[in-house]
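For the sequence shown, the working numbering gives the first residue as 1164, with consecutive numbering after it.
Glycine residues also receive a C-beta, built at the ideal position from the N, C-alpha and C atoms.
Written out below as structure tokens is the structure these notes cover.
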Amino acid sequence: VWQHCVFLSQILTLPCCLSQFSKMGRRPARCYRYCKNKPYPKSRFCRGVPDPKIRIFDLGKKKARVEDFPLCVHLVSDEYEQLSSEALEAGRICCNKYLVKNCGKDQFHIRMRLHPFHVIRINKMLSCAGADRLQTGMRGAFGKPQGTVARVRIGQPIMSVRSSDRYKAAVIEALRRAKFKFPGRQKIYVSKKWGFTKFDREEYEGLRNDNKLANDGCNVKLRPDHGPLQAWRKAQLDIAAGL
């Protein structure tokens, strides 16, 4: 009879333990820092994945013309690792707050270059009294989806900022502060390109003076010298109109 009473008391206290386990925080990101497994994206075979914390990848003056922001600075990873969506969101917020305070909300354009597509899993283990009656150890240890991370290579940009040349020091300081939100090592590079375009500054200025560039949102596209006659006529009309 005494053994039956002990067993019933353990069963009655089990829901309390389960409720305490459900209120625990998430596993530290250092457990998922290294790229050990193959990419495991969300699919019909991997369901129930929680939404990533980062939902905004472009902020600031996104519709600014290419001429407005010639400066471009990159935050580049120096390790092959995984960055959680929480870390990406923290870095984005840190960089944005500093630039808004020191430059103004319409004096920059931040673009996050990573997207958290890799799903990480967790094999939940109960650590309360009587938990050994429920868990099975490493039998069936393929865990449930816990969150998402972004896999980053050495030399891959994490985030990029374009702005005016007079805010160069503020942009570098904002990215330096954002570095503390990420694990591993990162480097800050001042790009030789004009903004987010693929042209160097001297090359861009030469093409612009020759009217060979057409506006394409926050970027530009090159007007080719060859092609259909109608396309050439349309390009000449755009040049005459100042587009």
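Ala1227 - DSSP class collapsed to helix/strand/coil: Here Ala1227 sits in coil by DSSP.
Between Asp1388, Arg1302, Gly1358, which has its C-alpha nearest Val1229's C-alpha? Gly1358
N-terminal and C-terminal residue of the beta strand (DSSP E) that Asn1372 is part of: Per DSSP, Asn1372 belongs to no beta strand (DSSP E); it is in the alpha helix (DSSP H), 1364–1372.
Less than 6 Å between C-beta atoms, sequence neighbours within five positions excluded: which residues of the same chain meet that for Lys1342? Gln1349
At 3 residues or longer, and completely inside the stretch 1252–1306: list those beta strand (DSSP E) runs for me, N to C. 1271–1275, 1281–1285
Return the first residue and the last residue of the beta strand (DSSP E) that Ile1351 is part of. 1349–1353
Contact check, Ile1285 vs Gln1319, beta carbons under 7 Å: no
Where the alpha helix (DSSP H) through Lys1397 begins and ends: 1392–1404
Looking at Leu1251: is its Cβ nearer than 7 Å to the Cβ of Val1315? The criterion of a C-beta distance shorter than 7 Å is not satisfied by Leu1251 and Val1315.
Please report whether the beta-carbon of Asn1265 lies at a distance below 7 Å from any beta-carbon of chain C. The chain labelled as chain C is not found in the depicted structure, where only one protein chain is given.
What is the C-beta distance between Val1307 and Gly1223, in whole angstroms, given that I count them as a contact (C-beta under 8 Å)? Checking the sequence shown, residue 1307 turns out to be Lys, not Val. Not a contact, Cβ separation roughly 37 Å.
Where Arg1396 falls, given that 16 or more other Cβ within 10 Å makes a residue buried: Counting the other Cβ atoms within 10 Å of the Cβ of Arg1396 gives fewer than 16, which makes it exposed.
Between Cys1266 and Tyr1330, how many whole angstroms is the CB-CB distance? I'm expecting something under 8 Å. Sure, about 5 Å apart at Cβ, within 8 Å.
Checking the sheet assignment: what are the DSSP bridge partners for Gln1245? Arg1314
Starting from Ala1377 and walking both ways along the beta strand (DSSP E), at which residues does that stretch end? 1376–1379 is the span of the beta strand (DSSP E), which, as asked, contains Ala1377.
Apart from the five residues on each side of it in sequence, which residues of its chain come closer than 6 Å, Cβ to Cβ, to Asp1328? Leu1234
On a CA-only basis, which of Val1263, Pro1391, Phe1345 is nearest Arg1193? Give me that one, please. Phe1345
By how many angstroms is the C-alpha of Ser1248 removed from the C-alpha of Asn1259? Using only the alpha carbons, I get a separation of about 16 Å.
Quick one: measure Cβ to Cβ for Val1239 and Ile1321, integer angstroms, because I've assumed they're closer than 8 Å. 7 Å
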